[in-house]
Every structure is written in C-alpha cells, then in structure tokens.
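Participant: In our numbering, the protein residues as written are 194 to 412. C-beta: ideal position from N, C-alpha, C; glycine also. Remember, it's a predicted structure, so these values are computed and weren't measured experimentally.
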Amino acid sequence: GYGIRMLPLATFAMSAYADDPCEQFRPKPGDEEYTDNELILMARMQKAITIIQLKLEAQVIRRRPEFEMGDRLLLDKIDYARGVIQLDGQEYSLNDSNFPTIDPADPYALTVEEQGVADRLRLSFLENDKLQAHVALLFRKGSMYLAFNGNLLYHGCIPMDADGSFQAVTLDGQPVAGKSYLDRIDRLVRQGYFSHDPMQRQFGQDMMWYLWAGPKSPI
194 GYGIRMLPLA TFAMSAYADD PCEQFRPKPG DEEYTDNELI LMARMQKAIT
244 IIQLKLEAQV IRRRPEFEMG DRLLLDKIDY ARGVIQLDGQ EYSLNDSNFP
294 TIDPADPYAL TVEEQGVADR LRLSFLENDK LQAHVALLFR KGSMYLAFNG
344 NLLYHGCIPM DADGSFQAVT LDGQPVAGKS YLDRIDRLVR QGYFSHDPMQ
394 RQFGQDMMWY LWAGPKSPI
C-alpha cells in the first residue's frame, strides 16, 4: 500500500458521527476479524468520506454539464425533515437519515471540518513519493490504446451507437468518436497532469475523474 494517513478522517468521523452507529456503512464480513469498536470506527469513516465524496463530485458535475452526469446529484433530492428522496418522480424512504454535516439549504457545501479532511488527504497523496512515482510512470508509459504486434489493445470499451457506428461524444466543445475520442481523452488527461495553465489543468483533472465514473468512459 501507499501508507496514506487516515487519522484526519478517523478523528473527524468519530466526532461528527459520535452518536451514530452508521449501521448502513458497516463493512461486510470478510476473512479478517475486527472488534466491535473497530467496526464502528470503520463504519463512521465510510459514512464520513461518502458524504464528502458526494459533495466533491457535485463540484465536478456542476462545472462540467457536458459530462451529462446530473443523475449523480443526490443530496438536493432529499427531504431531510421527512427522510425521503425523490428519484425519477418516485419517492423512496432512506435507510439512513442522519446527516449532521449537510445543510438542507446548501446540501453540497463542505463544512469547515470536511474541507480540512479533504485538504489533509490531498496533501497526503501529493507528498507520497511512492504514489507519485507510480503516477509519473502511468503518464510516461501509459496510453488510452496501443497498436502492438498487429493487435489493437484498449482498456475496456469504445462508445458505439445501435447501428454499430462510433458514438460521438462532445469533449472540450467538439464532438469526437472512435479513435479521435480516445486521442482527445489521452491529451486531456495528460493536460491535467502536465499543464501549467490552471484552467487546462482543472479540465484535465475533471476528465480523469470522468474516466473513472463517466457513463461513456472507455475504461
């Protein structure tokens, strides 16, 4: 592993969710045995980072409407007083309705404490020599596809329409498809790592997140 320090998250989780057993976030049983206190701590940490994740992802989704990921914006769909959520015109009861760090009037706003946790985790990633060496290797040797020994190698899939033609995806204001789509992604994610222009760097970093979670991501 990379030895990322989880103490800031653990400390925050134990404080923010001190009276919450976080049952819905308890880890599933595995080969390792944990004490009940350890399971409670892990559940609280999982809930804490999940809420932080939803808030941070919302920043990217709102910043990049072209990603078409508005369906992942969930916190503004919740009636916090009643403990229900509205999805596609249907109302569902929540299994967990204790959200002490969410302001119903501005549900995606990070609290000061949540922002502090995110900042400390980010710093841990940036200052981790082993992780940074692996990231540098990824950008030095990696690519979205590779033509090798008469074969085309790519990570997962390429978006296509029902008729078998490559599906056009709008990136950076331009529709691209097939090889052009993969080439554009390759350029943008490298831009997120190498560019000194703040706007280009931000777009590239947002694109890297899209590769992980986007509906038309080729990986």
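I'd like the list of long-range same chain contacts for residue 262, defined as Cβ closer than 6 Å, with 5 residues on each side in sequence excluded.
Facilitator: Around residue 262: 254.
Participant: Going by beta-carbon coordinates alone, are residue 268 and residue 222 separated by less than 8 Å?
Facilitator: Going by C-beta atoms, residue 268 is not nearer than 8 Å to residue 222.
Participant: Is it buried or exposed for residue 206, if we count other Cβ within 10 angstroms and need 16 for buried?
Facilitator: The residue in question, residue 206, is buried, as its Cβ has 16 or more Cβ neighbours within 10 Å.
Participant: Going by alpha carbons, who is nearest to residue 329 out of 386, 346, 404, 258?
Facilitator: Checking every option, the nearest Cα to that of residue 329 belongs to 386.
Participant: Residue ranges of each beta strand (DSSP E) run of no fewer than 3 residues wholly in the segment 360-393, ordered along the chain?
Facilitator: Within the segment 360-393, the complete beta strand (DSSP E) runs of at least 3 residues are 362-364, 367-369.
Participant: Between the Cα of residue 286 and those of 408, 276, 294, 389, spot the shortest distance and give me the residue it belongs to.
Facilitator: When each option's Cα is compared against that of residue 286, the closest is 276.
Participant: Where does the unbroken beta strand (DSSP E) through residue 321 begin, and where does it stop?
Facilitator: No beta strand (DSSP E) contains residue 321, which DSSP labels as neither H nor E.
Participant: Have a look at residue 412 and residue 398 and give me their C-alpha separation to the nearest angstrom.
Facilitator: Distance between the alpha carbons of residue 412 and residue 398 is about 16 Å.
Participant: Can you tell me the Cα-Cα spacing of residue 371 and residue 246, whole angstroms?
Facilitator: Between residue 371 and residue 246, the C-alpha separation is close to 31 Å.
Participant: Quick check: what's the CA-CA separation for residue 396 versus residue 378?
Facilitator: One C-alpha to the other measures close to 11 Å.
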